[in-house]
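**Student:** To convert, count from 1 in the sequence shown and add 17; that's this note's numbering.
Virtual Cβ for every residue (Gly too), placed ideally from N, Cα, C.
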Amino acid sequence: MAGQMAGQPIFILREGSQRTRGREAQSNNIMAAKAVAEAVRTTLGPKGMDKMLVDSLGDVVITNDGATILKEMDIEHPAAKMIVEVSKTQDDEVGDGTTTAAVIAGELLKKAEELIEQDVHPTIIASGYRMASEKASEIIKTLAKSVTRENRDILLNISGTAMTGKGAEATKEVLANVTVDAIISIIDEDGKVDMENIKVEKKVGARIEETELIKGMIIDKERVHTNMPKKVENAKIALINTAIELKDTEVDAEISITSPEMLQSFLDQEEKMIKDLVDKVTSSGANVVFCQKGIDDMAQHYLAKAGVFAIRRVKKSDMQKLARATGAKLITNVDEITDADMGKADLVEEKKIGGDPMTFVTGCDNPKAVSILLRGGTEHVIDNIERALNDSLRVVGVAIEDEKLVAGGGSPEVEVALRLQEYAATLSGREQLAVKAFAEALEVIPRTLAENAGLDPIDMLMELRAHHEKGVKTAGLNVYEGQVIDMWEAGVVEPLRVKTQAINAAAESAVMILRIDDIIASKQGPAGPSAEDMVPGMPPGGMPGMPGMDM
């Protein structure tokens with residue numbers, strides 16, 4: 018990039034920088050974004066296929082989840098990264114609909130490119146898209162129906178829809194029941210659902226159907242001493258987050274021991290102090306102790322003697338969940354331990370699952386934190402099921418928080434597309450073209466559902482439109498039988514937020530990419546100092562102030 022001044026070129030960019038401008042920059046960005054959307058497009062819907070991703074270390078991930086695929090792919094192009102962000106935001110906000118969001122964003126850009134070729138200015142397309150996305154949100158809200166936590170059947174349907182197409186269909190019923198029970202257990206008083214309170218423990222071994230919900234906690238640890246009971250009924254649980262051992266003194270002091278008797282009395286004194294410490298714990302009535310830090314060997318012996326079940330080095334997050342599940346308070350000072358700090362559970366026992374000992378805390382009377390023990394034949398199967406389960410948990414949580422649902426199967430997209438076409442007709446000016454393009458772009462969802470199921474996308478779309486024209490607002494595509502049916506009656510439902518978030522995020526990122534008309538990419542700097550920067554005998558990187566160092 019150079020300017021001319023009195024015959025002297027002026028360079029303002031570093032040598033090796035690349036600059037792409039105008040139409041070329043736009044088509045470059047659009048192409049990259051479309052390529053990303055294409056990459057996940059075949060995974061959409063119940064009949065979508067999976068992707069196998071192998072990273073630089075050779076680890077394999079097999080998944081159908083848009084956000085996971087895009088996160089694992091090593092994407093270089095800056096515009097393509099924006100589409101990855103769309104699916105990431107969708108995942109953070111709602112947990113499902115990640116592929117939908119990426120595919121809509123890609124299609125919006127594809128339609129925009131057609132308009133740019135007809136000399137419609139990108140700014141006009143951007144403003145048309147904004148109008149269309151606002152209108153789309155309004156239209157979708159009119160399609161929504163209410164749901165509450167009492168509608169268990171509907172919640173099971175939402176959970177099932179989120180898992181369909183993710184390798185979990187065969188066991189959908191078991192997993193949907195586990196999901197709904199888990200979410201209903203942990204709802205806060207204000208109706209919010211915090212996913213942190215559900216712990217998923219994966220254990221390879223049994224069949225997926227043997228996945229179970231534990232109304233309490235699973236801790237992936239064993240008791241510290243073999244003499245401790247394996248099973249404690251009517252457990253009184255103490256959660257201690259300091260170490261059960263003697264504290265080192267903060268003061269530097271020397272103790273000079275001059276005779277063996279003195280040494281013996283010193284050791285006896287230490288032992289007595291530890292015994293007193295354990296007595297304080299047991300006198301509070303505790304028969305189960307979870308300790309966040311270490312437990313001294315001598316303390317283990319005394320705890321075992323008192324018949325207390327103890328576990329050490331429990332993760333902080335697990336301590337917090339245990340507190341929510343059992344009603345215990347976290348104890349920082351053992352001296353002030355009281356009966357009121359104890360948590361309660363019917364049973365605490367150590368069981369071997371898949372060959373590993375785990376501790377189960379069950380029978381808590383209104384647990385606000387629960388665990389799911391997820392089973393599956395192999396590592397990859399169980400990882401895939403975990404992703405499906407996470408989507409399903411998030412979606413049911415969102416549905417309970419918002420209390421609003423829409424039908425699935427491509428029906429809201431077709432309805433919104435039709436209404437947007439009507440809205441476009443009321444506009445004058447070139448924005449009308451952009452709103453129409455937006456409407457057509459939304460139809461990519463039903464079209465892709467049909468394609469992935471091996472159906473004729475044009476026939477299916479025509480049939481869907483015909484049903485919606487007649488006023489069947491919930492008509493969607495049954496991909497198993499290749500027919501248009503009422504999705505609401507078929508129980509294919511999704512939370513409203515999945516759709517609004519997908520359309521808004523896709524529109525915003527498409528607008529952002531469209532507004533770029535100049536790409537200035539600076540040259541990638543070398544990884545380390547070059548050979549001439551190195552001084553013989555100097556380590557790579559040199560000394561501060563040496564050439565080759567970024568000061």
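(1) Mind checking whether ASN258 and THR349 have CB atoms under 8 Å apart?
(2) List the whole-angstrom C-beta distance separating VAL111 from ILE389, where the pair is believed to meet the contact cut-off of C-beta under 8 Å.
(3) With DSSP collapsed to three states, give me the class of VAL489.
(4) Is it buried or exposed, ASN81, if we count other Cβ atoms within 10 angstroms and call 16 or more buried?
(5) Roughly how many whole angstroms lie between the Cα atoms of GLU134 and GLU124?
(6) On the DSSP bridge list, what partners appear for THR60?
(7) Quick check: MET290 and LEU263, are their CB atoms within less than 8 Å of each other?
(8) Within 10 angstroms of its Cβ, does ALA357 collect 16 or more other Cβ (buried), or is it exposed?
(9) Helix, strand or coil, according to DSSP, for MET69 in the structure here?
(10) Using beta-carbon positions only, say whether ALA470 and GLY62 come within less than 8 Å of one another.
(11) Go ahead and pull the three-state DSSP assignment for ARG610.
(12) What are the complete alpha helix (DSSP H) segments, minimum 4 residues, inside the region 275-328?
(13) Distance, Cα to Cα, ALA544 vs GLY33?
(14) Along the chain, where does the beta strand (DSSP E) containing ASN251 start, and where does it finish?
(15) Classify GLN135 as helix, strand or coil using the three-state DSSP reduction.
(16) Does ALA360 come out as helix, strand or coil in the three-state DSSP assignment?
(17) In angstroms, rounded to a whole number, what distance separates the CA positions of HIS318 and ASP296?
(18) Rounded to whole angstroms, what is the Cα-Cα separation between GLY324 and ALA260?
(19) So is TYR146 buried or exposed if we call it buried at 16+ other beta carbons inside 10 Å?
(20) Quick one: what's got a C-beta closer than 6 Å to THR465's C-beta in the same chain, skipping five residues either side?
(21) Would you mind sorting ASP269 into buried or exposed? The rule is 16 or more other CB atoms within 10 Å of its CB.
(22) Starting from SER388, follow the beta strand (DSSP E) in both directions and report where the run begins and ends.
(23) From which residue to which residue does the beta strand (DSSP E) around LYS220 run?
(24) What does a CB cutoff of less than 8 Å around ALA458 pick up in its chain, not counting 5 residues either side in sequence?
(25) Considering just the uninterrupted stretch of the alpha helix (DSSP H) at VAL528, what are its terminal residues?
(26) Given this structure, state the Cα-to-Cα distance separating SER273 from MET245, to the nearest angstrom.
(27) Roughly how many angstroms separate the alpha carbons of LYS368 and GLY380, rounded to a whole number?
(28) Give me the residue from GLY427, ASN304 and ASP419 with the minimum Cα distance to GLY208.
(29) Please tell me whether MET212 and LEU410 are closer than 8 Å, where the distance is taken between their beta carbons.
(30) Just confirm the distance between the C-beta atoms of THR188 and GLU226, as a whole number of angstroms; I'd bet it's less than 8 Å.
(31) By DSSP, does LEU30 sit in helix, in strand, or in coil?
(32) Roughly how many angstroms lie between the CA atoms of MET551 and ARG224, to the nearest whole one?
(33) Hey, is the region 392-410 in contact with the region 237-256, meaning 3+ C-beta pairs nearer than 8 Å?
(34) Does the Cβ of VAL412 have 16 or more other Cβ atoms within 10 Å, making it buried, or fewer, making it exposed?
(35) So, under 8 Å CB-CB, ALA161 and VAL423 are touching, yes? Tell me the CB distance rounded to an integer number of Å.
(36) Over what stretch of residues does the beta strand (DSSP E) that includes ASP503 continue unbroken?
**Tutor:** On the basis of the coordinates in this document:
(1) By the CB criterion at 8 Å, ASN258 and THR349 fall inside the cutoff.
(2) Not confirmed; about 20 Å, so no contact.
(3) coil
(4) buried
(5) 16 Å
(6) None, per the DSSP bridge assignment.
(7) yes
(8) exposed
(9) Note: MET69 maps to strand in three-state DSSP.
(10) yes
(11) Because the chain spans 18 through 568 in this model, residue 610 falls outside it and cannot be assessed.
(12) Annotation: the region 275-328 contains the following complete segments of the alpha helix (DSSP H) (minimum length 4 residues), in chain order: 277-300 and 314-322.
(13) Caution applies to ALA544, whose pLDDT of 49 falls short of 50 and renders its modelled position unreliable; the model cannot decide the point.
(14) 248-257
(15) coil
(16) According to the sequence displayed, residue 360 carries Gly and not Ala. In this structure, GLY360 counts as strand in the three-state DSSP scheme.
(17) 12 Å
(18) 19 Å
(19) buried
(20) ARG58 and LEU61
(21) Counting Cβ neighbours within 10 Å, ASP269 comes out exposed, since fewer than 16 surround it.
(22) Element bounds for SER388: 387-393.
(23) 215-221
(24) ILE121, GLU124, LEU125, LYS127 and LYS128
(25) 513-531
(26) 38 Å
(27) 15 Å
(28) Per the Cα distances, ASP419.
(29) yes
(30) 5 Å
(31) coil
(32) No answer about MET551 holds up, because its pLDDT of 46 lies below 50 and its placement is not dependable.
(33) no
(34) VAL412 is buried by the Cβ-count criterion.
(35) 5 Å
(36) 500-503
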